[in-house]
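Number of protein chains: 2
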Amino acid sequence: MVSMSDNKKNDKSENSLRKETIQRVISALIVAPFVVFCFVSYSSLVGLVATIVMISTGEFFFTTIKRHDPWLSIVYTAIVTTYPVLYGMAFRNNSTELLAVIFMIGIVFALSKVKNREIITEVYFSYTVALIYISFLLSFFIPIYDIYGGAVALLTLTLSWAYDSFAYAFGMTLGKHKFGSYYSPNKSWEGFFGGIFGTFIYILIYQYVANTVFKKNLHIDLFLAILISVVTGVFDSFGDIFESSIKRHYNVKHMGNLMPGHGGMLDRIDGLLFITPVIYILLGLFY
Amino acid sequence: MVSMSDNKKNDKSENSLRKETIQRVISALIVAPFVVFCFVSYSSLVGLVATIVMISTGEFFFTTIKRHDPWLSIVYTAIVTTYPVLYGMAFRNNSTELLAVIFMIGIVFALSKVKNREIITEVYFSYTVALIYISFLLSFFIPIYDIYGGAVALLTLTLSWAYDSFAYAFGMTLGKHKFGSYYSPNKSWEGFFGGIFGTFIYILIYQYVANTVFKKNLHIDLFLAILISVVTGVFDSFGDIFESSIKRHYNVKHMGNLMPGHGGMLDRIDGLLFITPVIYILLGLFY
Numbered sequence: 006m007v008s009m010s011d012n013k014k015n016d017k018s019e020n021s022l023r024k025e026t027i028q029r030v031i032s033a034l035i036v037a038p039f040v041v042f043c044f045v046s047y048s049s050l051v052g053l054v055a056t057i058v059m060i061s062t063g064e065f066f067f068t069t070i071k072r073h074d075p076w077l078s079i080v081y082t083a084i085v086t087t088y089p090v091l092y093g094m095a096f097r098n099n100s101t102e103l104l105a106v107i108f109m110i111g112i113v114f115a116l117s118k119v120k121n122r123e124i125i126t127e128v129y130f131s132y133t134v135a136l137i138y139i140s141f142l143l144s145f146f147i148p149i150y151d152i153y154g155g156a157v158a159l160l161t162l163t164l165s166w167a168y169d170s171f172a173y174a175f176g177m178t179l180g181k182h183k184f185g186s187y188y189s190p191n192k193s194w195e196g197f198f199g200g201i202f203g204t205f206i207y208i209l210i211y212q213y214v215a216n217t218v219f220k221k222n223l224h225i226d227l228f229l230a231i232l233i234s235v236v237t238g239v240f241d242s243f244g245d246i247f248e249s250s251i252k253r254h255y256n257v258k259h260m261g262n263l264m265p266g267h268g269g270m271l272d273r274i275d276g277l278l279f280i281t282p283v284i285y286i287l288l289g290l291f292y
Numbered sequence: 006m007v008s009m010s011d012n013k014k015n016d017k018s019e020n021s022l023r024k025e026t027i028q029r030v031i032s033a034l035i036v037a038p039f040v041v042f043c044f045v046s047y048s049s050l051v052g053l054v055a056t057i058v059m060i061s062t063g064e065f066f067f068t069t070i071k072r073h074d075p076w077l078s079i080v081y082t083a084i085v086t087t088y089p090v091l092y093g094m095a096f097r098n099n100s101t102e103l104l105a106v107i108f109m110i111g112i113v114f115a116l117s118k119v120k121n122r123e124i125i126t127e128v129y130f131s132y133t134v135a136l137i138y139i140s141f142l143l144s145f146f147i148p149i150y151d152i153y154g155g156a157v158a159l160l161t162l163t164l165s166w167a168y169d170s171f172a173y174a175f176g177m178t179l180g181k182h183k184f185g186s187y188y189s190p191n192k193s194w195e196g197f198f199g200g201i202f203g204t205f206i207y208i209l210i211y212q213y214v215a216n217t218v219f220k221k222n223l224h225i226d227l228f229l230a231i232l233i234s235v236v237t238g239v240f241d242s243f244g245d246i247f248e249s250s251i252k253r254h255y256n257v258k259h260m261g262n263l264m265p266g267h268g269g270m271l272d273r274i275d276g277l278l279f280i281t282p283v284i285y286i287l288l289g290l291f292y
């Protein structure tokens with residue numbers, strides 16, 4: 006009896022897993038072209054970054070502080086989203102001043118709206134993490150696009166898609182040796198190394214296609230391709246575990262439900278947020 | 006009886022107030038020369054900023070997260086202090102990359118040390134606020150010194166001393182109309198405007214002495230002097246209320262006990278942290 010019911014349960018969970026995987030692929034295929042299209046110009050790229058920041062921080066605030074005050078979440082989403090817009094459009098050379106001013110505006114707003122010493126630090130936590138982790142880190146896309154062009158920026162974005170997909174595939178099929186991360190226990194070393202290997206192959210194919218079909222002039226050598234793959238694996242994992250730890254604190258499975266099978270926008274970009282600044286630094290050093 | 010006991014209480018509280026004021030003045034007179042001395046060179050200024058960041062963040066972490074893990078507070082103090090050192094010494098033109106990397110290092114450290122989903126967000130709150138509010142904002146002193154020279158940097162530092170002293174004196178003697186701030190109920194409009202007026206007079210005297218006695222070449226016109234005084238009053242108050250709100254959450258009167266009569270280092274610089282980036286921006290626009 007026990008083994009039968011176990012079998013049934015396994016069948017069911019395999020079915021729902023298959024269904025989720027199919028959902029993930031279909032959602033990704035629908036959303037991807039719109040995202041890729043925004044890489045045609047600098048302004049549309051800034052718009053894309055701002056839109057992603059707005060949706061992700063909205064989800065984040067709705068998970069963390071909305072229960073205290075819905076209006077607070079909405080105003081904070083607006084404040085945090087001003088960073089990529091103003092940075093991209095007017096203050097490329099004054100990013101630190103811009104960040105300082107936006108930080109202080111958000112703090113003053115909290116002081117004027119939240120008259121409760123029990124929850125005020127939670128508001129500070131939520132606001133500063135959204136500002137730095139989501140808005141500030143994702144905005145590194147803007148100089149990547151501006152300095153290295155759309156092809157490199159699109160590669161940076163899709164790196165995390167490639168890593169996630171390969172890590173998911175390898176982890177699901179071969180995953181035996183778990184990481185042992187407290188906040189994200191399902192990660193396996195097989196998924197990690199498979200993801201890095203897949204990312205490396207992806208970079209080579211991307212470069213080949215970009216240079217031959219689209220006549221771009223990418224010149225990522227093998228050393229840099231390996232470096233980028235490893236960095237992607239490491240930082241994608243950390244970004245993902247960081248977001249997981251916040252979800253576990255708030256006892257939610259996903260930050261939102263924007264794309265069926267993927268969870269919310271923030272669940273989709275959690276690793277990308279840690280990858281983007283590091284890729285920007287690597288490009289400056291080795292490209 | 007009631008009025009006698011009230012009188013006694015008043016006498017006692019006036020006595021302790023007088024004692025505290027004398028303590029404040031003596032402490033300030035002892036510490037001030039050491040601080041001023043650090044303005045002789047760029048390197049010593051960076052050292053001063055790093056030292057102030059180290060002491061303040063240490064106090065901050067000892068108030069907020071030490072009870073969970075003392076080592077965590079010490080390592081975080083070190084991580085946060087690397088920002089002014091590396092920024093001042095090597096990465097003046099790469100401050101955003103530096104901030105992003107230090108932010109991620111602190112997050113990864115939390116993920117590896119804190120295996121408790123209840124307190125992890127408090128660690129994030131404490132770390133990101135210390136990094137941005139204390140380390141990042143105070144580091145604006147470094148470009149102020151580098152671009153505008155030691156005399157302007159010293160003026161910026163002493164602006165908040167001048168404002169605090171005048172606001173305290175005016176508030177104590179004339180203060181009747183309270184701000185009504187939830188987190189810092191003792192501020193009065195008399196103190197606020199008296200502080201701004203005193204700061205304005207202080208700027209004029211400082212400039213006169215710097216130009217005649219020390220042969221500097223300051224040229225702060227009346228418009229800029231008024232602007233700086235008002236900005237100092239507004240941002241000093243916000244910075245102070247922000248720090249108060251955190252102290253109230255943790256139910257402490259001071260963050261530390263470094264200087265008798267002043268509380269801790271962070272209690273002393275809470276307003277300065279909000280003033281520094283704004284003065285840097287004003288100098289860029291009008292000086």
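Keeping their order, the protein sequence lines are chains L and Y. FYI, our numbering numbers position 170 of the first sequence as 175, with every residue one higher than the one before it. FYI, our numbering numbers position 272 of the second sequence as 277, with every residue one higher than the one before it. Positions of the beta carbon are idealized from the N, C-alpha and C atoms, including for glycine.
Spatial neighbours of Y:ALA172 within its chain, please: C-beta separation below 7 Å, excluding the five flanking residues on both sides. Closer than 7 Å at the Cβ level, and outside the excluded window around Y:ALA172, lie GLY196, PHE197, GLY199 and GLY200.
Give a yes or no on contact between the stretch 89-105 of chain L and the stretch 118-131 of chain L, applying the rule of three or more CB pairs nearer than 8 Å. As far as the Cβ criterion goes, the stretch 89-105 of chain L does not touch the stretch 118-131 of chain L, which means the pair count is below three.
For the stretch 56-75 of chain Y against the stretch 160-177 of chain Y, do three or more pairs of beta-carbon atoms, one drawn from each stretch, fall closer than 8 Å, so that the two count as touching? They do not touch, by the three-pair rule.
How is the alpha helix (DSSP H) around L:VAL85 delimited, first residue to last? Counted as a single uninterrupted DSSP element, the alpha helix (DSSP H) harbouring L:VAL85 occupies residues 75-94.
My understanding is that Y:ALA167 touches Y:PHE65, with C-beta atoms under 8 Å, so please give their C-beta distance in whole angstroms. That pair is no contact at about 25 Å.
On the three-state DSSP scale, how would you describe L:LYS24? If DSSP states are grouped into helix, strand and coil, L:LYS24 belongs with the helices.
So, do the stretch 136-153 of chain L and the stretch 80-100 of chain L have three or more beta carbon pairs nearer to each other than 8 Å? Yes, the stretch 136-153 of chain L touches the stretch 80-100 of chain L.
Report the residues of the stretch 245-265 of chain Y with a CB closer than 7 Å to any CB of chain L, ordered along the chain. Cβ contacts with chain L come from ILE246, PHE247, SER250, ILE251, ARG253 and HIS254.
Check whether the stretch 111-121 of chain Y touches the stretch 173-191 of chain Y, taking contact to mean three or more Cβ pairs, one atom from each stretch, closer than 8 Å. Verdict: no, contact absent.
Between L:MET109 and chain Y, is there a C-beta pair that is closer than 8 Å? Chain Y, which has a Cβ nearer than 8 Å to the Cβ of L:MET109, makes this yes.
Who does L:SER140 pair with in a DSSP beta bridge? Its beta-bridge partners do not exist; DSSP assigns none.
L:ASP275 burial status per 10 Å Cβ neighbour count (16 or more: buried): Within a 10 Å sphere around the beta-carbon of L:ASP275 sit 16 or more other beta-carbons, which makes this residue buried.
Any Cβ of chain L within less than 8 Å of the Cβ of Y:ALA95? No, no contact with chain L.
Give a yes or no on whether 8 Å exceeds the smallest Cβ distance from Y:TYR285 to chain L. Contacts with chain L at 8 Å (Cβ-Cβ) include Y:TYR285.
On a CA-only basis, which of Y:PHE291, Y:MET270 and Y:LEU278 is nearest Y:ARG29? Give me that one, please. With distances taken between Cα atoms, Y:ARG29 lies closest to Y:MET270.
Just verifying my parser: in three-state terms, what is the DSSP assignment at Y:GLY261? Coil at Y:GLY261, not helix or strand.
Determine, for Y:ASP275, whether the minimum Cβ-Cβ distance to residues of chain L falls below 8 Å. No, Y:ASP275 lies away from the interface with chain L (no Cβ there is under 8 Å from its Cβ).
Specify the secondary structure class of L:LYS181 as computed by DSSP and reduced to three states. Three-state DSSP puts L:LYS181 in coil, outside helix and strand.
is_contact[L:PRO190, chain Y] using C-beta, thresh 8 Å: Answer no: the Cβ-Cβ gap between L:PRO190 and chain Y never drops below 8 Å.
Could you spell out where the alpha helix (DSSP H) holding Y:PHE44 opens and where it closes? Counting along the chain, Y:PHE44 falls outside any alpha helix (DSSP H), and DSSP gives it neither H nor E.
Label L:HIS182 either buried or exposed according to how many other C-beta atoms from any shown protein chain fall within 10 Å of its C-beta, with 16 as the threshold for buried. Exposed: under 16 other Cβ atoms inside 10 Å.
Could you confirm whether any beta carbon from chain L is found closer than 8 Å to the beta carbon of Y:PHE66? No - not a single Cβ of chain L is within 8 Å of the one on Y:PHE66.
Using the Cβ count rule (16 or more neighbours within 10 Å means buried), how would you classify L:SER10? Confidence at L:SER10 is low in this model, with a pLDDT of 45, below 50, so the placement of that residue should be treated as unreliable; the coordinate-derived value is given next. Classification of L:SER10: exposed, given that the 10 Å Cβ count is below 16.
Applying the criterion that 16 or more other CB atoms from any shown protein chain within 10 Å of the CB defines a buried residue, is L:SER250 buried or exposed? Counting Cβ neighbours within 10 Å, L:SER250 comes out buried, since at least 16 surround it.
By the 10 Å Cβ neighbour count, where 16 or more other Cβ atoms means buried, how is L:ASP245 classified, buried or exposed? Its Cβ being crowded by 16 or more others within 10 Å, L:ASP245 is buried.
Kindly say whether Y:THR133, judged by its beta-carbon, lies nearer than 8 Å to any beta-carbon of chain L. Output row for Y:THR133: interface = yes.
Would a check of beta-carbon distances place Y:SER100 closer than 8 Å to chain L? At least one C-beta of chain L is nearer than 8 Å to the C-beta of Y:SER100.
State yes or no: is the C-beta of Y:ILE139 within less than 8 Å of the C-beta of Y:SER189? Taking 8 Å as the Cβ cut-off, Y:ILE139 and Y:SER189 do not qualify as a contacting pair.
Can you find a C-beta in chain L that's less than 8 Å from the C-beta of Y:VAL113? Answer yes: the Cβ-Cβ gap between Y:VAL113 and chain L drops below 8 Å somewhere.
Closest Cβ-Cβ distance between L:ALA172 and chain Y: below 8 Å? Against chain Y, the CB of L:ALA172 has no partner CB under 8 Å away; the residue lies outside that interface.
I'd like to confirm the pairing. Which residues does DSSP put opposite Y:SER193 in its beta bridges? DSSP lists Y:LYS183 as partners of Y:SER193.
Comparing alpha-carbon positions, which option in Y:ASP74, Y:MET109 and Y:TYR153 lies nearest Y:LYS221? Taking each of Y:ASP74, Y:MET109 and Y:TYR153 in turn and checking the Cα distance to Y:LYS221, the smallest one comes out for Y:TYR153.
Check the Cβ of L:LEU142 against every Cβ in chain Y and list those closer than 9 Å, keeping chain order. The contact set of L:LEU142 on chain Y, defined by CB atoms closer than 9 Å, consists of ALA105, PHE108 and MET109 in chain order.
Nearest chain Y C-beta to L:ARG23 closer than 8 Å, yes or no? So, not an interface residue.
Run of the alpha helix (DSSP H) containing Y:ARG97, from where it starts to where it stops: Segment: none, Y:ARG97 is in no alpha helix (DSSP H) and carries neither H nor E.
When L:ILE225, L:GLY261 and L:ARG253 are compared against L:LEU290, the one with the closest alpha-carbon: Per the Cα distances, L:ILE225.
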